[in-house]
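Single-structure report; data block below.
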Amino acid sequence: MAQSLNYLKESPSQTAGPYVHIGCTPNFVGIEGVYAQDLGSGPMVNADTRGERITIRGFVYDGGGTALKDALIEIWQADADGFYNSPSETRGKADPNFLGWARCPGDMATGEFLFETIKPGRVPFRDGRLMAPHVTFWIVARGINLGLHTRMYFSDEEAANAEDPVLARIEHKVRVPTLIGKRDGDTVTFDIHLQGDKETVFFDI
Numbered sequence: 000m001a002q003s004l005n006y007l008k009e010s011p012s013q014t015a016g017p018y019v020h021i022g023c024t025p026n027f028v029g030i031e032g033v034y035a036q037d038l039g040s041g042p043m044v045n046a047d048t049r050g051e052r053i054t055i056r057g058f059v060y061d062g063g064g065t066a067l068k069d070a071l072i073e074i075w076q077a078d079a080d081g082f083y084n085s086p087s088e089t090r091g092k093a094d095p096n097f098l099g100w101a102r103c104p105g106d107m108a109t110g111e112f113l114f115e116t117i118k119p120g121r122v123p124f125r126d127g128r129l130m131a132p133h134v135t136f137w138i139v140a141r142g143i144n145l146g147l148h149t150r151m152y153f154s155d156e157e158a159a160n161a162e163d164p165v166l167a168r169i170e171h172k173v174r175v176p177t178l179i180g181k182r183d184g185d186t187v188t189f190d191i192h193l194q195g196d197k198e199t200v201f202f203d204i
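With numbering that gives the first Met the number 0, the residue at position 10 of the sequence shown is 9, and numbering never jumps.
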């Protein structure tokens with residue numbers, strides 16, 4: 000006997016909505032007493048962390064070129080020697096003084112995000128080839144059904160970027176610059192464009 004086609008219906012997708020900050024960064028939005036501090040808001044580095052200190056800053060722009068003021072950004076990366084602070088890291092011991100992960104809500108007035116971290120070392124691709132130094136980003140905001148993943152490479156690593164196996168897989172080379180953070184001294188500027196002519200390359204992971 001044939002079943003009705005409406006027996007099981009796909010439920011509607013949900014965006015991150017206006018509650019993402021309440022759930023992920025309650026102290027940031029004035030809901031205190033749930034956690035001593037918001038998860039991921041503490042420093043990634045301390046006085047004993049190995050590596051070159053850098054500041055990553057930027058904005059998340061919509062398709063019209065307007066900076067989002069409700070985006071939530073997470074980053075994770077290797078330490079200065081190319082090891083991850085993770086139980087699955089088997090290649091060596093990661094720097095115990097480097098967290099390797101952080102979360103930052105965009106400024107509610109300007110939309111700017113900012114991370115104080117270190118420049119990561121190179122890590123191997125699946126086939127053993129070394130990838131260029133990079134930082135992985137995850138972005139959520141109202142209107143985004145699934146969190147978006149991208150990477151930030153460094154403008155002062157041209158040789159490493161040229162041989163990076165992930166960048167090499169991007170078919171339209173004119174889009175590679177959307178993944179390059181512009182370095183000026185110890186500051187790296189990385190703007191993320193959700194749509195439009197400058198749309199950032201996002202990865203399906």
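Glycine included, every Cβ here is placed at the ideal spot set by N, Cα and C.
Report task. Reducing DSSP to helix, strand and coil, say where R102 ends up. Result -> In the structure shown, R102 sits in a strand (DSSP, three-state: E or B).
Query raised in the report: Going by alpha carbons, who is nearest to Y60 out of E111, R102, I53, T54?
Result: Taking Y60 as reference, the option from E111, R102, I53, T54 with the minimal CA-CA separation is E111.
Requested in this report: Taking only the alpha-carbon atoms, compute the straight-line gap between R102 and L147 and give it to the nearest angstrom.
Outcome: When rounded, the distance between both Cα atoms is 14 Å.
Query raised in the report: Measuring CA to CA, which of D155, D185, F124, T186 is closest to P176?
Result: Nearest C-alpha to P176 among D155, D185, F124, T186: D155.
**Report entry** Of the listed residues G62, A35, N96, nearest to D196 (C-alpha basis)
**Finding:** Distances from the CA of D196 to each of G62, A35, N96 were compared; the closest alpha carbon is that of G62.
Query raised in the report: So, is E73 buried or exposed, given that buried needs 16 or more other C-beta atoms within 10 angstroms?
Result: Around the C-beta of E73, 16 or more other C-beta atoms lie within 10 Å, and the residue is accordingly described as buried.
Report task. Using only alpha-carbon positions, find the residue among V165, G142, I21 that is nearest to P132. Result -> Distances from the alpha-carbon of P132 to those of V165, G142, I21 put V165 closest.
Query raised in the report: Between the C-alpha atoms of R52 and I117, what's the straight-line distance to the nearest angstrom?
Result: So the alpha carbons of these two residues sit roughly 4 Å apart.
**Report entry** Anticipated Cβ contact below 8 Å, T48 with F97, distance rounded
**Finding:** With 8 Å as the limit, T48 and F97 qualify as a contact, their Cβ atoms being about 5 Å apart.
Query - Through-space distance from F153 to S87, alpha-carbon basis - result: In a straight line, the C-alpha of S87 is about 26 Å away from that of F153.
Query - Residues bridged to L71 [DSSP beta-bridge criterion] - result: Checking the DSSP bridge columns, you'll see L71 partnered with P104, V139.
**Report entry** Beta-bridge pairing of K181 - partner residues as DSSP gives them
**Finding:** Under DSSP, K181 shares a beta bridge with T188.
Query raised in the report: Going by alpha carbons, who is nearest to E157 out of K181, R168, R125?
Result: For the residues K181, R168, R125, the minimum Cα distance to E157 belongs to K181.
Report task. To the nearest angstrom, report how far apart V28 and I169 are at their CA atoms. Result -> Their backbone Cα atoms lie some 38 Å apart in a straight line.
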